[in-house]
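2 protein chains.
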Amino acid sequence: MRPLQWIPAWLLLLHGCAAAQLPQADNTRTDIRDCSTDPPYLPPTATDTTARVAALRDAMWALGVQAYVVPATDAHMSEYISARDARLSWLTGFTGSAGTGVVTQDKAALWTDSRYWTQAERQLDCNWELQRTTLIESIGMWILDAVPIGGNVSLDPFLFSIDTWNSYSQALQGSGRTLLPIETNLVDQVWGGERPPAASGEIYSLPEAFIGSSWQEKVARIRQEMEEHVRHPTAVLLSGLEETAWLFNLRGDDIPYNPVFYSYTLLTNTSISLFVGEQRLAVAARHSLQAACPGPLCVELLEYGQTPDHLRQYVQGNVTVWLGTEYTTYGLYRLIPQEKLLEDSYSPVMLAKAVKNSKEQDLLRAAHVRDAVAVIQYLLWLEKTVPQGQVDEFSGAQHIDALRQAQEHNRGPSFQSICASGLNAALPHYSPSNGSSRQLSVDEMYLADTGGQYLDGTTDITRTVHWGTPTPLQKETYTRVLMGNIDLSRLVFPPNTAGRNIESFARRPLWDVGLDYGHGTGHGIGNFLSVHEWPVGFQSNNVPLTAGMFTSIEPGYYQDGEFGIRIEDIALVVEAQTEHQSEETPFLTFEVVSLVPYDRNLIDISLLSPEQIRYLNTYYESIRERVGPELQRQQLQEEYNWLQRSTEPFPLDSAAAAATSATSTLALAALLSTLLPGLQA
Amino acid sequence: MRPLQWIPAWLLLLHGCAAAQLPQADNTRTDIRDCSTDPPYLPPTATDTTARVAALRDAMWALGVQAYVVPATDAHMSEYISARDARLSWLTGFTGSAGTGVVTQDKAALWTDSRYWTQAERQLDCNWELQRTTLIESIGMWILDAVPIGGNVSLDPFLFSIDTWNSYSQALQGSGRTLLPIETNLVDQVWGGERPPAASGEIYSLPEAFIGSSWQEKVARIRQEMEEHVRHPTAVLLSGLEETAWLFNLRGDDIPYNPVFYSYTLLTNTSISLFVGEQRLAVAARHSLQAACPGPLCVELLEYGQTPDHLRQYVQGNVTVWLGTEYTTYGLYRLIPQEKLLEDSYSPVMLAKAVKNSKEQDLLRAAHVRDAVAVIQYLLWLEKTVPQGQVDEFSGAQHIDALRQAQEHNRGPSFQSICASGLNAALPHYSPSNGSSRQLSVDEMYLADTGGQYLDGTTDITRTVHWGTPTPLQKETYTRVLMGNIDLSRLVFPPNTAGRNIESFARRPLWDVGLDYGHGTGHGIGNFLSVHEWPVGFQSNNVPLTAGMFTSIEPGYYQDGEFGIRIEDIALVVEAQTEHQSEETPFLTFEVVSLVPYDRNLIDISLLSPEQIRYLNTYYESIRERVGPELQRQQLQEEYNWLQRSTEPFPLDSAAAAATSATSTLALAALLSTLLPGLQA
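Chains A and B, in that order, give the protein sequences. Sequential numbering from 1 applies to the first sequence in the working numbering. Sequential numbering from 682 applies to the second sequence in the working numbering.
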């Protein structure tokens, strides 16, 4: 899935643009809007926010608030949010996934990153300044300018992570302005009855066949970690929606793409409180959770809204609460006295979830075989239909979604398909929409970054293709992106290496010729959970790699205004076979579980080293072995033939090394020609 | 220089052992000492500390202190400390460079890392427990066990960095024990008249020829950065001894190996205060500093001890003080009100010093040419004398020091020479001493990690050699270490890449066969300053790489109880020539400025790729070009001949690629033999 979008809003805010290497503030750009004329010029896509902003200002006035900060996140720092949580979008008209709004009595501004600058200009009206950065320092400086000394800067503490709150706190420190948390959300107050209702869909248990271990086993394991921890925490507080879903083997559909539901969990050494609302649970799920009641393996079901009160009461006792600071809100955090806190970046549940056991690994592998069938069907269909001029980006995206839907256990796409043709693929934030979608053509490259949710696993794969004659630059850059994918995939590395320390292997073939890509190299993925599953990956805040983790490997190259390339596979971290073994724990490497061949039309095989070619041929062999039988089982003979053609082994002597061997070959040939002049016909 | 030793004590404490990848606590080990018998068994090298510890306990008692923490650092977090600052060593008998002691009324313990465990067992008496870790959490837990609730834990705030103080503070947080800074150092108090006197040697100006820019230019530049900073700091506080030495182009000899002097600087937008003691400055130096008095370029000279009072007074005003938290002490930090602080990891002076201008680059290059002459003389001398059995590690170390001393502008070694033979080279903390030094032999590998101080630059180089027949493992691992050195040295990478993100290229050839090394890959270096110059290098707290920075590149391999390999060069970050140029700023690569060939006897050329061989041949060409003439100028004809032999180009067809080319060559040969059976004699 597209590597820029998958950085959750909270991360973008937290680390500024560094993580995504997004361009920084750009003040030279001219706005599509012209707010200097009367009436102002606004594109027809802009939303009139005058009444909303005025109502918010009234609410602020009543509480003595001089500035109010509105984030794009929900209370769980979710990557996707429900319509009910789209406060920033309702208030500003801006529908991008990352941004922050600040309103004062006479000004209002929206901060967002370069992916969304054009979109924001099209959607904002003249109530809103657009600030082209996401650095909290910048927001802080704007606030210092707009709010007089002595003023209150307010926000909803349940919508800001601990780390983000600390950044605001630091930005205002010593400035004479007070950062004032207000638990009543002022946007919700003015949104009133128009606000979409709370989610009420059924929450269900995963079928037994798709469960890696029972929730009781998971709970026992976490409790053991609590006992063994030097601080002996008495409870773990779970704020991430995927934490609770994983722990209890439950799923729901409260937010798009990720099969999770609104909830919190307080898992103590003697009790389990699940804040979700009893009536939302399917009967079987409720029974599974409460079979052992009363007792330490009885799940007490409480209303979602009771979480703060319950936590407040729990921390009265002689307790220590363990939580993950990257995604727990300041609102919950501040309820816990400092000496009763055990802070880590991620909770032990988040870390346990990241390492898949052998059953979970097999489930994810199986999902990827069926997913490969759908993608292969798609690639063959494109090959046949694109030359007829009948496919555009949007209909293409619909077709791959439909192909996946037809595969067993599919539960829809795992994110909005990114199907981009020609220059659109160079825009990292591009997704096609009906009506404004580019026609696919044999004269352009096409990038498809898509994925599916299956009961056994979540998938995410990107293939870039060209059906005609690619330019030399396209072919060279595609090959170098592939070389980077291969070099990282076949890397052997010591246990507990941080992804950040090895991701450059995916960049080096581009670096060699002065090129690079401006996004991360990969992210974790779940078993029918998030397509971007933290904390696995190659960024600075990811945890070290361990056998059993799954990550995407997705280098790319983007030529502005011309084309875009990305080659993405999902890979499992496995033990490596090495000549020497210097430590008790074996070295690691990757097993690629995405099983779709690359476009031969775009590979300049002469650039590859013999090792790269050998790796590629071995990978293709495993595709044949694992996807071939499934294609036959599904009676997809044409696809089967396509797969055989597309996975023909590459000859080793076409490698880059051949350039060197040429010397000695030529020497022999020269000798031959001397000895046998007759051969030179 | 040896990569473990160069991690300053404050860094080891701050980051635990992660940075150096040192082994963690090991409680299974048995101590050389036996404190359970009466009288206890102690090696003769142990120091009787009973009276010292008792005196310290009396001093603690008088002040109501239940635990007193004694670090190994000085007030500037210097890597090397003077005898006057060796408080931990005096109190405990332990002379290692990294450690922490804690004394209570009935217990005392020393924490140190694995480099020093054996040494500590040999030097401590039974007053001291040995704790085999350096994690502050471990020290904190020991304190919690030893000090009752309500007790005071004290330390000298001028010997702890801000970050280290914070770690102690966090370890005791909410525990009911108070972390109490006491400005009178209690060890100094009991040490009394026996404590060595303060440094009084002359402080001198660098000769004009060795100055990269005048101190006035440097001051102007830092003031400009202050002005341009969004927080508009009014002053920069310099605590690092190398910061003040660099800023004013002054040098001294207060501590071993690094030509610096005890000092602080407060550089404000209108004044310059240098805390050093006027009488210590050479006349010319004083004149250079005060030529523009009074005025903004007048350096006010104040006593070293006046720093806290002066700072306390300065921060009464409407000011903002900029400082580096990695090496400023908590003692100074706490004098500055929070809202008047601008904290960065490193001061702007530290960052400016890290990027050498073209004159400084030329100076460092020139120093490395003369240094190469000394090392080449040494390698040839070893080749001739080792077979006669006349050299041991200690006499070898003395000889290289003497050879450097004979070179122009030399000012002694830049660190204690590491000359290790056979299994000793596998100990990362090994330095030979007179009397316990291993004989060099043609049957063992020999590692020499040495460096010099020259007026124009500081050098640091490691070569590993074998004069007989290396084992296949020695040859393979040496070659892989060399391949790693080459791969990192020839890497092309984007501007502002963090060293941490590329250092794995130096490890990969070892990783491929399941091997690795347990230390960092490189560190910055100065112009006649520190051999370990922060913040350049490949570790997580180093700053991104920029053209003009110098770093060592020093992969290694250590086979316990058998041999050790390290290949270290100094390299300058330079702009790269690339096929494409995607950004306004060009990509970067390294220019290796250490100019000594590697041991051909240990290179298995068949493991190298054609690119690696090409790189090596080009490097050897540059050695010939730059060191050859200097050897001739110094009339070292034998060394010149040795250099020519040692830098013969390697044939390209011996590369790893040849293995592949063999196929096609063989095919042709087969054809040939078919056509010309007579050729098969």
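Every residue, glycine too, gets a C-beta built ideally from N, C-alpha and C.
message: Suppose you measure from the CA of Ala890(B) to the CA of Glu1020(B); what does that come to, to the nearest Å?
response: Along the second sequence, read from residue 1 onward, the residue named residue 890(B) stands at position 209. Along the second sequence, read from residue 1 onward, the residue named residue 1020(B) stands at position 339. Those two C-alpha atoms are separated by around 43 Å.
query: Looking at Met77(A) and the ligand PLP, is the gap between the Cβ and the nearest heavy atom below 8 Å?
result: Absent from the structure shown: the ligand PLP. Ligands present: none.
query: Buried or exposed: Ile149(A), going by 16 or more other Cβ atoms within 10 Å of its Cβ?
result: On the first sequence, position 149 is the one that residue 149(A) refers to. The residue in question, Ile149(A), is exposed, as its Cβ has fewer than 16 Cβ neighbours within 10 Å.
- request: Let me know the secondary structure DSSP gives Asn617(A) once reduced to three states.
  value: Locating residue 617(A) in the first sequence gives position 617, where the first residue counts as 1. In this structure, Asn617(A) counts as helix in the three-state DSSP scheme.
- prompt: Buried or exposed: which applies to Cys419(A), given that a residue is buried once 16 or more other Cβ atoms fall within 10 Å of its Cβ?
  reply: Translated into positions along the first sequence, residue 419(A) becomes position 419. That one is buried.
field: Top-ranked residue by Cα proximity to Leu836(B), from Leu853(B), Thr865(B), Met822(B), Asp1197(B)
entry: For the purposes of this step, residue 836(B) is identified with residue 155 of the second sequence, where counting begins at 1. If we check each option's Cα against that of Leu836(B), Thr865(B) comes out closest.
- request: Taking a Cβ distance cut-off of 9 Å, strictly less, list which residues of the stretch 142-158 of chain A are near chain B, in chain order.
  value: none
- request: Please name the residue, chosen from His466(A), Ala120(A), Gly99(A), that lies closest to Thr47(A) on a Cα-to-Cα basis.
  value: Residue mapping note: residue 47(A) aligns to position 47 of the first sequence, counting from 1. The candidate whose alpha carbon is nearest that of Thr47(A) is Ala120(A).
query: Which word fits Cys704(A), buried or exposed, when buried means at least 16 other C-beta atoms lie within 10 angstroms of its C-beta?
result: Since the displayed chain A opens at 1 and closes at 681, residue 704(A) lies outside it and no answer follows.
query: Mind checking if Thr915(B) is an interface residue toward chain A, Cβ cutoff 9 Å exclusive?
result: Taking the second sequence and counting its residues from 1, the one referred to as residue 915(B) is at position 234. False, the Cβ-Cβ gap to chain A never drops below 9 Å.
task: Going by DSSP, name the residue or residues bridged to Gly522(A).
output: As a position in the first sequence, residue 522(A) is number 522, starting the count at 1. For Gly522(A), which the question treats as bridged, DSSP gives no partner whatsoever.
query: Mapping DSSP to helix, strand and coil, what is Ile1167(B)?
result: Here the question's residue 1167(B) lines up with position 486 in the second sequence. Reduced to three states, the DSSP call for Ile1167(B) is helix.
message: Given this structure, state the Cα-to-Cα distance separating Gln644(A) from Pro413(A), to the nearest angstrom.
response: Looking up residue 644(A) in the first sequence gives position 644. Looking up residue 413(A) in the first sequence gives position 413. Going from the Cα of Gln644(A) to the Cα of Pro413(A) covers about 27 Å.
task: May I have the straight-line CA-CA distance separating Glu225(A) from Val828(B), to the nearest angstrom?
output: As a first step, residue 225(A) is located in the first sequence; it is residue number 225 there, counting from the start. As a first step, residue 828(B) is located in the second sequence; it is residue number 147 there, counting from the start. Those two C-alpha atoms are separated by around 28 Å.
At least three beta-carbon pairs within less than 8 Å, the stretch 1184-1204 of chain B to the stretch 493-505 of chain A: yes
query: For Gly305(A), does the three-state DSSP call read helix, strand or coil?
result: Taking the first sequence and counting its residues from 1, the one referred to as residue 305(A) is at position 305. Note: Gly305(A) maps to helix in three-state DSSP.
task: Give the straight-line distance between the Cα atoms of Asp1130(B) and Arg1046(B), rounded to the nearest whole angstrom.
output: For this step, residue 1130(B) is matched to residue 449 along the second sequence. For this step, residue 1046(B) is matched to residue 365 along the second sequence. Rounded to the nearest angstrom, the two C-alpha atoms are 19 Å apart.
- request: Could you please give me the residues that DSSP links to Thr691(A) through a beta bridge?
  value: No information on residue 691(A) is available, as it lies outside the stretch 1 to 681 that chain A covers here.
- prompt: By Cβ distance below 8 Å, which residues in the same chain neighbour Leu1172(B) in space, the five residues on each side in sequence not counted?
  reply: For the purposes of this step, residue 1172(B) is identified with residue 491 of the second sequence, where counting begins at 1. Around Leu1172(B): Ile1183, Phe1186, Thr1270, Phe1271.
field: Close beta carbons around Ile1304(B), own chain, < 8 Å, minus the five adjacent residues each side
entry: Mapped onto the second sequence, residue 1304(B) falls at position 623. Contacts found: Ala1053, Leu1276, Val1277, Pro1278, Leu1324, Thr1328.
- prompt: The alpha helix (DSSP H) with Ala352(A) in it runs from where to where?
  reply: Taking the first residue of the first sequence as position 1, residue 352(A) is located at position 352. 348-354 is the extent of the alpha helix (DSSP H) around Ala352(A).
- prompt: Under 9 Å, do Gly452(A) and Ala367(A) count as touching if we go by C-beta distance?
  reply: Here residue 452(A) corresponds to residue number 452 of the first sequence, with the count starting at 1. Here residue 367(A) corresponds to residue number 367 of the first sequence, with the count starting at 1. In this structure, Ala367(A) lies closer than 9 Å to Gly452(A) by Cβ.
- prompt: What are the start and end residues of the beta strand (DSSP E) that includes Pro1216(B)?
  reply: Numbered from its first residue, the second sequence carries residue 1216(B) at position 535. That run of the beta strand (DSSP E) goes 1214-1218.
query: Which one of Asn434(A), Leu545(A), Ala59(A), Val513(A) has the shortest CA to CA distance from Tyr557(A)?
result: In the first sequence, the residue the question calls residue 557(A) occupies position 557. The residue with the shortest Cα to Cα distance from Tyr557(A) is Val513(A).
message: Report the start-end ranges of each alpha helix (DSSP H) in the stretch 958-1006 of chain B that is 4 residues or longer and not cut off at the edges.
response: 964-971, 988-995
message: For Gln388(A) and Val442(A), I'd like the C-alpha separation in whole angstroms.
response: Numbered from its first residue, the first sequence carries residue 388(A) at position 388. Numbered from its first residue, the first sequence carries residue 442(A) at position 442. Roughly 9 Å between the two C-alpha positions.
- prompt: What residues from the stretch 556-585 of chain A come within 7 Å of chain B, judged by C-beta to C-beta, listed N to C?
  reply: Thr578, Glu579, His580, Gln581, Ser582
task: Please confirm if Leu180(A) has its CB atom under 9 Å from at least one CB of chain B.
output: Here residue 180(A) refers to the residue found at position 180 when the first sequence is read from its first residue. False, the Cβ-Cβ gap to chain B never drops below 9 Å.
task: Using a threshold of 9 Å, state whether the C-beta atoms of Gly331(A) and Pro308(A) are closer than that.
output: Stepping through the first sequence from its first residue, residue 331(A) is reached at position 331. Stepping through the first sequence from its first residue, residue 308(A) is reached at position 308. For Gly331(A) and Pro308(A), yes; Cβs fall inside 9 Å.
query: Are there 16 or more other CB atoms within 10 angstroms of the CB of Leu695(B), so buried, or fewer, so exposed?
result: As a working mapping, residue 695(B) is identified with position 14 in the second sequence. Because the pLDDT of Leu695(B) is 26, which lies under 50, any placement of that residue in the model is unreliable, and the number read from its coordinates should be weighed accordingly. Buried, since its Cβ has 16 or more Cβ neighbours within 10 Å.
- request: Give a yes or no on whether the C-beta atoms belonging to His519(A) and Trp534(A) are separated by under 9 Å.
  value: As a working mapping, residue 519(A) is identified with position 519 in the first sequence. As a working mapping, residue 534(A) is identified with position 534 in the first sequence. Not closer than 9 Å, so no.
- prompt: Between Tyr943(B) and Ala879(B), is the Cβ-Cβ spacing less than 9 Å?
  reply: Numbered from its first residue, the second sequence carries residue 943(B) at position 262. Numbered from its first residue, the second sequence carries residue 879(B) at position 198. Yes, these two residues count as a Cβ contact at 9 Å.
message: Just to confirm before moving on: does the CB-CB distance between Asp460(A) and Glu568(A) stay below 9 Å?
response: For this step, residue 460(A) is matched to residue 460 along the first sequence. For this step, residue 568(A) is matched to residue 568 along the first sequence. Yes.
task: Give the DSSP-derived three-state secondary structure of Asn501(A) in the structure shown.
output: The sequence position of residue 501(A) within the first sequence is 501, counting from 1. In the structure shown, Asn501(A) sits in a helix (DSSP, three-state: H, G or I).
message: Can you look up Gln24(A) in the DSSP assignment and give me helix, strand or coil?
response: Locating residue 24(A) in the first sequence gives position 24, counting from the first residue. Caution applies to Gln24(A), whose pLDDT of 47 falls short of 50 and renders its modelled position unreliable; the model cannot decide the point.
query: Looking at the structure shown, is Tyr885(B) part of a helix, part of a strand, or coil, going by DSSP?
result: Stepping through the second sequence from its first residue, residue 885(B) is reached at position 204. If DSSP states are grouped into helix, strand and coil, Tyr885(B) belongs with the strands.
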